[in-house]
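With the sequence shown counted from 1, adding 810 to any position gets you the numbering used here.
Below: the structure, in structure tokens.
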Amino acid sequence: MIVVLVVAGCGDNVSFESTSILLSGNESASCAINNNGALYCWGRLYGHDDVAGEQGDPITGLPAHKFPELAWRQVSVATGHACAIRDDGTLWCWGRNCAGQLGDETRVSSAEPIQIGTQSRWVEVATGGGHSCAIDDEGSLACWGGIDLNQQDCSNTPTQRLTRIEGTWRQVSSSMYTTHAIRSDGTLWRWNDFKFADDPRVPHEPPVQIGDHRWLAIASGLSGVYGVRADRTLAFVQFDQVDENQIGSTADWSASIAARDHGCALKVDQTLHCWGRNDMGQLGTGVPSDELVVEPRQLGTFAGWTGVSAGWAQSCGVYQNQIYCWGMNPDGQIGIGMPYDHEVRTPQQIGIQL
811 MIVVLVVAGC
821 GDNVSFESTS
831 ILLSGNESAS
841 CAINNNGALY
851 CWGRLYGHDD
861 VAGEQGDPIT
871 GLPAHKFPEL
881 AWRQVSVATG
891 HACAIRDDGT
901 LWCWGRNCAG
911 QLGDETRVSS
921 AEPIQIGTQS
931 RWVEVATGGG
941 HSCAIDDEGS
951 LACWGGIDLN
961 QQDCSNTPTQ
971 RLTRIEGTWR
981 QVSSSMYTTH
991 AIRSDGTLWR
1001 WNDFKFADDP
1011 RVPHEPPVQI
1021 GDHRWLAIAS
1031 GLSGVYGVRA
1041 DRTLAFVQFD
1051 QVDENQIGST
1061 ADWSASIAAR
1071 DHGCALKVDQ
1081 TLHCWGRNDM
1091 GQLGTGVPSD
1101 ELVVEPRQLG
1111 TFAGWTGVSA
1121 GWAQSCGVYQ
1131 NQIYCWGMNP
1141 DGQIGIGMPY
1151 DHEVRTPQQI
1161 GIQL
């Protein structure tokens, strides 16, 4: 869903090693991990600076070093919670827990990371609206949580303990109500409305295969899933359909892709291209428009991008070991501080206060 950033360095600017940067962001926050394993977050996210789960969480408009005593490998941010894998392979989550998305079999929110089980072999994690999924080093996929509608009373919210999903898996990506995953054979599968749970209030629904192509990488958005197929074409599948729709005509996309209401992806020549909604400047073209951008548009005229993420109305990317963000900044998710109602129409390098 939804995307996060990773940051490192000292002074006014944050430097990143392109081989180790991970980006992720959601509606109102972003996070990032630098090459030293330091985790930084900015924007509005439950559990940043107050008791997790309370309404009206404070805005952190500049990147803040989170849990500095720990080193991290990967992070994923959803609407009200986040999960991350530590450098020792253990999996931790924090934030809202109304639907059990923190994986501790309670509905108690937490500002501090809670470990998911005792396993230390996790390699990927993805967070959705009220659920989370992760893959271990043997390709085993597990998911937990439910559907979090941000209500105050969580007592009747269907929730699910950690559940293993049959098969061997390579990548997983979650959005508000949907999870997509790539099997080890490259086929793409989908669960809608978190229906792999065994809670009697959430009827079990086996995953549905999408199309017949093999896939390299995927990114779940609100309306469906974007992905790069094995032939390096870019495609989209609507959340209630199984037919693939190719985006553009080229076959030169890399495996770096992010999506929400809009999408961004890198080509193999390290140029960055975005498409979809641009009403708040989330495509970085400098000219917001209510018109839907169907064909991917290159951001600038230069190559050298090595990572990308997409949130609600913002995008971030890594260029020459620096993070740049653009789009709307109502909750500080651009990472440049105030004013929070500012529309950033072109990429702006973010800094960090130590």
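Heads up, the beta-carbon is just placed ideally off N, CA and C, and yes, glycines get one too.
Other residues of its chain near V816: CB distance less than 6 Å, five sequence neighbours each side excluded: Indexing the sequence shown from 1 puts residue 816 at position 6. With a pLDDT of only 32 at V816, under the threshold of 50, the placement of this residue in the model should not be trusted; the figure read from the coordinates follows. Excluding residues within five positions, the ones whose Cβ falls inside 6 Å are I831, L832, A842, I843, N844.
Whole-angstrom distance between A1113 and C953, CA atom to CA atom: Numbered from its first residue, the sequence shown carries residue 953 at position 143. Numbered from its first residue, the sequence shown carries residue 1113 at position 303. About 37 Å.
C-beta atoms of M1090 and M1138 nearer than 8 Å: Along the sequence shown, one-based indexing puts residue 1090 at 280. Along the sequence shown, one-based indexing puts residue 1138 at 328. Yes, these two residues count as a Cβ contact at 8 Å.
Short Cβ contact (8 Å threshold) for G910 with A892: To locate residue 910, count along the sequence shown from 1; it is residue 100. To locate residue 892, count along the sequence shown from 1; it is residue 82. It is not a contact, given that the beta carbons lie outside the stated cut-off.
Cβ contact check for the region 1075-1087 and the region 1113-1126: 3 or more pairs under 8 Å: yes
Cβ neighbour criterion (16 or more within 10 Å) applied to L1102: Locating residue 1102 in the sequence shown gives position 292, where the first residue counts as 1. Label assigned to L1102: exposed.
Of the listed residues P1017, F1046, T889, nearest to A1029 (C-alpha basis): Mapped onto the sequence shown, residue 1029 falls at position 219. The residue with the shortest Cα to Cα distance from A1029 is F1046.
H941, enclosing beta strand (DSSP E) - first and last residue: Here residue 941 refers to the residue found at position 131 when the sequence shown is read from its first residue. Start and end: 941-946.
Selected residue, minimal CA-CA separation from V1078, among F1049, D1100, T1060: Numbered from 1 along the sequence shown, position 268 holds the residue referred to as residue 1078. Nearest of F1049, D1100, T1060 to V1078, Cα basis: T1060.
For R1039 and D1062, the rounded distance between their alpha carbons: Here the question's residue 1062 lines up with position 252 in the sequence shown. Here the question's residue 1039 lines up with position 229 in the sequence shown. D1062 and R1039: Cα-Cα distance of roughly 10 Å.
Same chain, Cβ closer than 8 Å to P878, neighbours up to 5 away in sequence not counted: What you label residue 878 is simply residue 68 of the sequence shown in a count that begins at 1. Closer than 8 Å at Cβ, skipping near neighbours: A848.
Through-space distance from R1070 to V1052, alpha-carbon basis: Here residue 1052 corresponds to residue number 242 of the sequence shown, with the count starting at 1. Here residue 1070 corresponds to residue number 260 of the sequence shown, with the count starting at 1. Spanning the two alpha carbons is a distance of roughly 19 Å.
Close beta carbons around S994, own chain, < 6 Å, minus the five adjacent residues each side: Stepping through the sequence shown from its first residue, residue 994 is reached at position 184. Once the five neighbours on either side are set aside, the close Cβ partners of S994 are G949, T978, R980.
Burial state of T1156, where buried means 16 or more other Cβ atoms lie within 10 Å: Your numbering for residue 1156 matches position 346 in the sequence shown. Label assigned to T1156: exposed.
F877 - containing beta strand (DSSP E), residue span: Locating residue 877 in the sequence shown gives position 67, counting from the first residue. It is not in any beta strand (DSSP E) - F877 carries neither H nor E in the DSSP assignment.
Residues bridged to T1111 [DSSP beta-bridge criterion]: In the sequence shown, residue 1111 corresponds to position 301, counting from 1. Answer by DSSP bridge pairing: none, since T1111 is not bridged.
Spatial neighbours of A881 in its chain, beta-carbon cut-off 8 Å, leaving aside the 5 residues before and after: Here residue 881 refers to the residue found at position 71 when the sequence shown is read from its first residue. Contacts found: N846, G847, A848, R896, D897.
Coil, strand or helix - D908 by DSSP: Here residue 908 refers to the residue found at position 98 of the sequence shown. First, the amino acid is wrong: residue 908 is Cys here, not Asp. In the structure shown, C908 sits in coil (DSSP, three-state: anything other than H, G, I, E or B).
Euclidean distance between Cα positions of R931 and V1097: Here residue 931 refers to the residue found at position 121 when the sequence shown is read from its first residue. Here residue 1097 refers to the residue found at position 287 when the sequence shown is read from its first residue. If you take the alpha carbons of R931 and V1097, they lie about 45 Å apart.
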